[in-house]
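Residue numbers (the numbering used here): 2 to 341.
Right, dumping it as structure tokens:
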């Protein structure tokens with residue numbers, strides 16, 4: 002045992018670590034040549050529309066409108082106008098004289114928010130055209146995951162924001178939202194101030210943000226996610242979906258539903274598996290909870306699938322949103338309260 006603590010052994014160990022670090026650095030540089038990154042993606046909004054949030058990490062600004070241009074290198078990908086109401090929701094254009102009797106709330110990420118699209122090209126908008134007697138609210142925003150819905154419900158009372166007495170709630174869930182919930186390397190490579198939830202006795206408990214509560218993990222996951230070498234080798238963390246990850250997601254939805262009931266009454270929460278992600282076995286833990294799942298991961302036709310997305314961007318375009326809306330409205334009919 003004494004031999005383990007000899008100076009020579011420590012020197013050999015240090016030299017070995019240095020050689021490994023140098024080898025990884027060289028491999029990273031080689032990977033950057035073999036797999037070069039895309040041109041720089043830049044955004045130029047006419048007015049800033051994101052701000053820090055103690056509860057959510059980031060959120061939209063309130064009562065404002067901005068027109069933003071996004072470029073890949075010098076090439077314009079899209080120009081879109083985003084409008085937000087006093088509660089920081091994306092505006093869904095509607096008849097100001099409409100007499101709504103029920104509501105439908107949408108939660109989710111940039112695909113539901115309508116990244117790169119006009120106010121009248123989003124999924125909530127197209128649903129509103131098919132349900133003219135229903136007031137549609139868009140609570141989705143870029144970069145959000147399931148924990149953002151729960152964090153919003155824990156930090157605000159939606160009854161103060163929703164006028165109609167009855168309705169339903171939809172969470173749009175691309176499969177990669179599971180990675181956002183657990184802080185996987187694919188997410189940590191670009192995000193900051195991501196809300197952190199852990200399971201405690203089967204209940205999701207908020208524990209700050211990943212960077213503040215798990216700083217070492219956050220640094221390592223971000224480094225792994227940003228590494229060109231790891232991208233070339235298709236190495237990410239976690240390497241696969243586990244039962245515990247699914248259970249965390251379903252526990253988040255269960256708690257969110259409970260808070261929705263406390264704030265809005267006995268509303269139905271429906272989770273929609275979005276086609277901009279692959280299949281995911283959420284049903285195995287949502288079904289026992291009585292939470293409805295609509296699996297739309299393969300709803301887009303195979304041949305023109307790329308025609309459903311914004312070119313060089315990947316977010317769902319207006320045509321894709323129309324396709325989803327047409328299916329969703331029929332599937333929501335059983336859970337939407339009848340209009341009196």
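Note that the Cβ used here is the ideal one computed from N, Cα and C, for glycine as well.
Using the three-state DSSP reduction, which class does residue 122 fall into: helix, strand or coil? On the chain shown, position 121 is the one that residue 122 refers to. Correct three-state label for residue 122: helix.
According to DSSP, simplified to helix, strand and coil, what is residue 236? Within the chain shown, the letter at position 235 stands for residue 236. Of the three classes helix, strand and coil, the one that applies to residue 236 here is coil, per DSSP.
Residue range of the beta strand (DSSP E) that residue 339 falls in? The residue you call residue 339 lines up with position 338 of the chain shown. Counting along the chain, residue 339 falls outside any beta strand (DSSP E), and DSSP gives it neither H nor E.
Just to confirm before moving on: does the CB-CB distance between residue 184 and residue 211 stay below 7 Å? Here residue 184 corresponds to residue number 183 of the chain shown, with the count starting at 1. Here residue 211 corresponds to residue number 210 of the chain shown, with the count starting at 1. Cβ atoms of residue 184 and residue 211: closer than 7 Å.
Which of the three DSSP states, helix, strand or coil, is assigned to residue 98? Counting from one through the chain shown, the residue named residue 98 turns up at place 97. Residue 98 falls in the coil class under three-state DSSP.
Determine whether the beta carbon atoms of residue 172 and residue 278 lie at a separation below 7 Å. Mapped onto the chain shown, residue 172 falls at position 171. Mapped onto the chain shown, residue 278 falls at position 277. In this structure, the beta-carbon distance from residue 172 to residue 278 does not fall below 7 Å.
Round the Cβ separation of residue 49 and residue 62 to the nearest angstrom and send it over; I've been treating them as touching at under 8 Å. For the purposes of this step, residue 49 is taken as the residue at position 48 of the chain shown. For the purposes of this step, residue 62 is taken as the residue at position 61 of the chain shown. Yes, they are in contact, since the Cβ atoms of residue 49 and residue 62 sit about 7 Å apart, within 8 Å.
Closest Cβ-Cβ distance between residue 316 and chain B: below 7 Å? Among the chains in the structure shown there is no chain B, since it carries only a single protein chain.
6 Å CB neighbourhood of residue 344 in its chain, flanking five on each side removed: The question about residue 344 has no answer here: the residues shown for the chain are numbered 2 through 341.
Since residue 216 and residue 148 should fall inside the 8 Å C-beta cutoff, what is the C-beta to C-beta distance between them, to a whole number of angstroms? Locating residue 216 in the chain shown gives position 215, where the first residue counts as 1. Locating residue 148 in the chain shown gives position 147, where the first residue counts as 1. Not a contact, Cβ separation roughly 18 Å.
For residue 75, count neighbouring C-beta atoms within 10 Å of its own C-beta (all shown protein chains included) and say buried if the count is 16 or more, exposed if not. Locating residue 75 in the chain shown gives position 74, where the first residue counts as 1. Exposed.
Give the DSSP bridge partners of residue 92, in chain order. As a working mapping, residue 92 is identified with position 91 in the chain shown. Note: residue 92 sits in no beta bridge, so no partner.
May I ask you to report which of helix, strand or coil DSSP gives residue 218? Walking along the chain shown from the start, residue 218 turns up at place 217. The DSSP-derived three-state label of residue 218 is helix.
Whole angstroms are fine: how far does the CA of residue 334 sit from the CA of residue 187? Counting from 1 along the chain shown, the entry for residue 187 is found at position 186. Counting from 1 along the chain shown, the entry for residue 334 is found at position 333. Approximately 36 Å between the Cα atoms of the pair.
Candidates 281, 291, 220: which alpha carbon is nearest residue 298's? Here the question's residue 298 lines up with position 297 in the chain shown. The option with the nearest alpha carbon to residue 298 is 281.
Please report the Cβ distance between residue 169 and residue 330, rounded to the nearest whole angstrom; I am assuming they are in contact, meaning their Cβ atoms lie under 8 Å. Looking up residue 169 in the chain shown gives position 168. Looking up residue 330 in the chain shown gives position 329. That pair is no contact at about 12 Å.
By Cβ distance below 7 Å, which residues in the same chain neighbour residue 58 in space, the five residues on each side in sequence not counted? Taking the chain shown and counting its residues from 1, one reaches residue 58 at position 57. If we look at residue 58 and ignore the five residues flanking it on each side, its Cβ neighbours are 194, 195, 196, 210.
Find the nearest neighbour of residue 289 within the set 275, 303, 255, 263, judged by alpha-carbon distance. Numbered from its first residue, the chain shown carries residue 289 at position 288. That would be 255, whose Cα lies nearest to the Cα of residue 289.
For residue 338, collect the residues of the same chain with a Cβ closer than 6 Å to its Cβ; drop the 5 residues on either side in sequence, then sort them by chain order. Locating residue 338 in the chain shown gives position 337, counting from the first residue. Excluding positions up to five away in sequence, the list reads 103, 167.
Taking DSSP as the reference, what is the three-state secondary structure of residue 298? Here residue 298 refers to the residue found at position 297 when the chain shown is read from its first residue. Note: residue 298 maps to coil in three-state DSSP.
Answer with buried or exposed for residue 77, where buried requires no fewer than 16 other C-beta atoms within 10 angstroms of its C-beta. Position 76 of the chain shown, counting from 1, holds the residue named residue 77. Answer is exposed; the Cβ neighbour count stays below 16.
Flag this pair as touching only if the stretch 229-239 and the stretch 128-144 have three or more C-beta atom pairs under 8 Å; answer yes or no. no
Residue 225 to residue 237 span [Cα, whole Å]: Reading the chain shown from its first residue, position 224 is the one you call residue 225. Reading the chain shown from its first residue, position 236 is the one you call residue 237. One C-alpha to the other measures close to 7 Å.
Does DSSP put residue 195 in a helix, a strand or coil? Stepping through the chain shown from its first residue, residue 195 is reached at position 194. Note: residue 195 maps to coil in three-state DSSP.
State the DSSP-derived secondary structure class of residue 332, mapped to helix, strand or coil. As a first step, residue 332 is located in the chain shown; it is residue number 331 there, counting from the start. It is helical.
Contacting residues, own chain, Cβ-Cβ under 6 Å from residue 208 (five flanking each side not counted): Translated into the one-based positions of the chain shown, residue 208 becomes position 207. If we look at residue 208 and ignore the five residues flanking it on each side, its Cβ neighbours are 197, 199, 214.
Inspect the beta-carbon positions of residue 101 and residue 162 and report whether they are closer than 7 Å. What you label residue 101 is simply residue 100 of the chain shown in a count that begins at 1. What you label residue 162 is simply residue 161 of the chain shown in a count that begins at 1. Result no, Cβ atoms of residue 101 and residue 162 do not sit closer than 7 Å.
Rounded separation between residue 181 and residue 110 - CA only: For this step, residue 181 is matched to residue 180 along the chain shown. For this step, residue 110 is matched to residue 109 along the chain shown. The alpha-carbon atoms of residue 181 and residue 110 are separated by roughly 10 Å.
Taking Cβ to Cβ, would you say residue 179 is nearer than 7 Å to residue 246? Here residue 179 refers to the residue found at position 178 when the chain shown is read from its first residue. Here residue 246 refers to the residue found at position 245 when the chain shown is read from its first residue. Contact check for residue 179 against residue 246 passes: the beta carbons are separated by less than 7 Å.
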